[in-house]
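Student: Numbering (our numbering), first residue to last: 36 to 179.
Cβ atoms here follow ideal geometry from the backbone N, Cα and C, with glycine treated the same way.
Keep in mind that this is a model prediction, so the values were computed, not measured.
Got a structure here, written out as structure tokens. Questions coming.
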Amino acid sequence: MPEKVITNKVLCYVVREGRLLVFRHTDFSYEEVGIQVPGGSVRPGEDPADAALREAREETGLTGFSVVRKLGEVEYDISPLRFEVQRRHVFELALHGATPERWASQEDHDGEQEPTRFECFWISLRTGHVLQSGQGALMGRLFD
């Protein structure tokens, strides 16, 4: 078995009026990738809060995000998909300005690979338990 690497990731809980911003991959089934919140890798030398804002913009196509607070850190072992332990920095973000209820977006990966297509939408915070791969691990802290 390969040795597991540790990677720094961010997760973004974008909250508005009791709802959470989520997305699904439009090129994959729910069984493969589930419902997710914006997030991704922290680049070398990048502050995790800056990475959270960047990832939220890249995955939703929206601007106007601000960091409300860091909710904490949690580790998630994503094996066997990748032999990787993700150290996730979890942030609550606010989104300023009007947004639709549902919209299409895509992440362009800085042009280094084919774009990933998403459908973004809002769900009730009370249903945040449906997030895939442990992404909802710190949802309870939104109520602290």
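For residue 108, which of 73, 122, 53, 79 has the nearest alpha-carbon?
Tutor: Checked all of 73, 122, 53, 79; the closest Cα to residue 108 is 122.
Student: Output the residue ranges of the beta strand (DSSP E) runs that lie fully inside the stretch 53-115 and measure 3 residues or longer, sorted by chain position.
Tutor: 54-60, 74-76, 100-112
Student: Residue 49 and residue 130 - do their beta-carbons sit closer together than 9 Å?
Tutor: Yes, these two residues count as a Cβ contact at 9 Å.
Student: Which first and last residues belong to the beta strand (DSSP E) in which residue 42 is found?
Tutor: 40-51
Student: Pick from 172, 174, 163, 150: whose alpha carbon is nearest that of residue 60?
Tutor: 150
Student: Roughly how many whole angstroms lie between the Cα atoms of residue 88 and residue 100?
Tutor: 6 Å
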